[in-house]
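Taken in sequence, the protein lines are chains A and B.
Quick note: the first sequence uses the numbering used here, first residue -8, plus one each step.
Quick note: the second sequence uses the numbering used here, first residue 361, plus one each step.
Note that the Cβ used here is the ideal one computed from N, Cα and C, for glycine as well.
Quick caveat, the model's predicted, so the values are computed rather than measured.
Report on the following structure.
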Amino acid sequence: DVKVTQSSRYLVKRTGEKVFLECVQDMDHENMFWYRQDPGLGLRLIYFSYDVKMKEKGDIPEGYSVSREKKERFSLILESASTNQTSMYLCASSLPYPLRDVEETQYFGPGTRLLVL
Amino acid sequence: AQTVTQSQPEMSVQEAETVTLSCTYDTSESDYYLFWYKQPPSRQMILVIRQEAYKQQNATENRFSVNFQKAAKSFSLKISDSQLGDAAMYFCAYSGQGGSEKLVFGKGMKLTVNP
């Protein structure tokens, strides 16, 4: 089974702190994603990566950066945490462009609930 | 840009009954994938069912089935014989390429199952 783990389930930080959220997957997936989940807004894509050292902005990248030095690890960085970044953060991974008729999807981690005070 | 709309924020169903969750989407692409994801209170998001747009046959997975209407851009999920464990947030999602590329999610719908 695919396993995607996130370093913390709950995190409390202060405004202005630099915050690192870590995500690790064990299935040798090329693609990795960071989403933010807020009530009434669903999931919104922050950043994604198709390969080591490659990254692309998603729909809401402002205030965030990412790092992917190893294939299995994708880090989300809040350079200077703000209260409006209080949210649930979900990491996901997947294979690259799959073959048709192959059941494939993104696999999600358990999420990190971040509170910025 | 693609959009996914789930118009019902909450629904409830009696145990053993059938419930249908609605989803519409907007895209100009002809080849795409649609998904229903489930997020139980423990928060681990899992795939419920997947539909490839080029396939006319509706996907089924045990008690879960979809009604895919490509022309109407509608993708509803039917849950038969509802169980207490079906209680969760359900998200409809769209992917324009291979099915594991970027996902566009709807806002989600909370399903309550009453005993």
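When only Cα atoms are considered, GLU13/A and PHE65/A end up about 6 Å apart. Excluding the 5 residues flanking it on each side, GLU461/B has same chain C-beta neighbours closer than 8 Å at SER455, in chain order. Short of 6 Å from the beta carbon of LYS438/B, and not among the five residues preceding or following it, lie these beta carbons of its own chain, in chain order: THR380 and SER425. Among the residues of the segment 19 to 47 of chain A, those with a Cβ less than 7 Å away from any Cβ of chain B are ASN22, GLY31, LEU32, GLY33, LEU34, LEU36 and PHE39, in the order of the chain. In the three-state scheme derived from DSSP, where H, G and I count as helix and E and B as strand, ASP446/B is classed as helix. Look at the segment 406 to 420 of chain B: the residues with a C-beta under 8 Å from a C-beta of chain A are ILE406, LEU407, ARG410, GLU412 and TYR414. Residue nearest to MET18/A within the set GLU95/A, SER85/A, GLY102/A and THR96/A is SER85/A (criterion: CA-CA distance).
Partner residues in the beta bridge of ALA453/B, as assigned by DSSP, are PHE395/B and PHE465/B.
Straight through space, the alpha carbons of PHE435/B and PHE24/A are spaced by roughly 24 Å. Taken in chain order, the complete alpha helix (DSSP H) segments of 4 or more residues contained in the segment 35 to 63 of chain A number zero; there are none. Taking 9 Å as the upper bound on Cβ-Cβ separation, chain A lies near residues TYR393, PHE395, TYR397 and GLN399 of the segment 373 to 399 of chain B.
Identification of residues in the segment 46 to 80 of chain A having a C-beta nearer than 8 Å to some C-beta of chain B yields GLY49 and MET79, given in sequence order. The closest CA to that of ARG27/A, considering only SER390/B, ARG403/B, ASP391/B and TRP396/B, is found on ARG403/B. Just measuring C-alpha positions, the residue of THR378/B, VAL364/B and GLN368/B sitting nearest ASP446/B is THR378/B. By the Cβ criterion, the segment 50 to 57 of chain A is in contact with the segment 30 to 39 of chain A, since at least three pairs of Cβ atoms, one from each stretch, lie closer than 8 Å. The segment 362 to 377 of chain B makes contact with the segment 461 to 470 of chain B; the number of CB pairs closer than 8 Å reaches 3 or more.
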